[in-house]
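Asker: In this note's numbering, the protein residues as written are 1008 to 1226.
C-beta atoms are modelled at their ideal positions from N, C-alpha and C, and glycine is treated no differently.
Please find one structure pasted underneath; my questions will follow.
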C-alpha cells in the first residue's frame, strides 16, 4: 500500500524542496495568524509552484470566514483545503460546494470517544486528519508536537481515508506505522529546529525513517 505523506507548515523554498525531494504526496501551508507557521496567500502561491505535478498543495485554515477563504483560494489556488477548526458538517459541505475542492477535515483525539466526532462528516469530507488534542493552554489546534494513543485508531472503520498526525518525528514514525498502519501521515513540528522553522536535514531524516519502516507496512 502506498503511504501518502504530508509535510505541513512550510514557509521557505528550501523546505518545500526537501519535502518534494523526499517524495511528499502533499505539502501544507498554514493560514492562521496565531501560528508560527502562518504564511500569506501570496507567499504560498509562490512556494507551491515547485510542487505542480509532483505533490498536492493544501491550504490549512481554522474556522476561516468566507472572505479569508476566498482570498486564499483565489491567490494560492490550492489543490485541497484542510479545515482544522470546529467547522460543523454543514459548513464543510458549503465550502466544498463553493470551491469544488477536496476537503481534509481535522479532528482532535485523546480517547476512543473522540473518533465518533468524524461520523457526521462521512460522505462530506474527502479525508480525515486525526491529530492529538492540544495541550492545555495552547492556542494552536495543531503543530503542538504531542501525540495520542495510536492503538485507538484500530476502531476506525475499514476503508476510512485519513492522515495520522500529532507528535510524529524520525524517531517514532516507524512505531506509528507499525501500530496504527495509517494510509497517510502528516508532520509539521517534528521536522523543525524551532517553532515554524523547518529543517531540510530533519525532513530528509524523516523520509529515511519512513523508508526504513516500509517493510513493516508490507507485512
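Quick one: residues in its chain with C-beta nearer than 6 Å to the C-beta of residue 1127, no 5 flanking neighbours on either side, listed in chain order?
Answerer: Short of 6 Å from the beta carbon of residue 1127, and not among the five residues preceding or following it, lie these beta carbons of its own chain, in chain order: 1096.
Asker: I think residue 1087 touches residue 1111, with their Cβ atoms under 8 Å apart; what is that distance to the nearest whole Å?
Answerer: 6 Å
Asker: According to DSSP, which residues form a beta bridge with residue 1156?
Answerer: Residue 1156 is not bridged to any residue.
Asker: Give me, in chain order, the residues of the same chain whose beta-carbon lies closer than 6 Å to that of residue 1215; leave out the 5 immediate sequence neighbours on both sides.
Answerer: Cβ within range, chain order: n/a, list empty.
Asker: Excluding the 5 residues flanking residue 1189 on each side, which residues of the same chain have their C-beta closer than 6 Å to its C-beta?
Answerer: 1171
Asker: What's the C-alpha gap between residue 1059 and residue 1116?
Answerer: 32 Å
Asker: CA-CA distance, residue 1208 and residue 1105?
Answerer: 39 Å
Asker: How big is the Cα-Cα spacing for residue 1133 and residue 1120?
Answerer: 21 Å
Asker: Output needed for residue 1057: all residues of its chain with C-beta closer than 6 Å, excluding positions within five of it in sequence on either side, in chain order.
Answerer: 1023
Asker: Do you know offhand how far residue 1091's Cα is from residue 1219's?
Answerer: Going by the C-alpha atoms only, they are around 30 Å apart.
Asker: Compare the C-alpha of residue 1068 against each of 1051, 1210, 1178 and name the closest.
Answerer: 1051
Asker: Does DSSP put residue 1218 in a helix, in a strand, or in coil?
Answerer: helix
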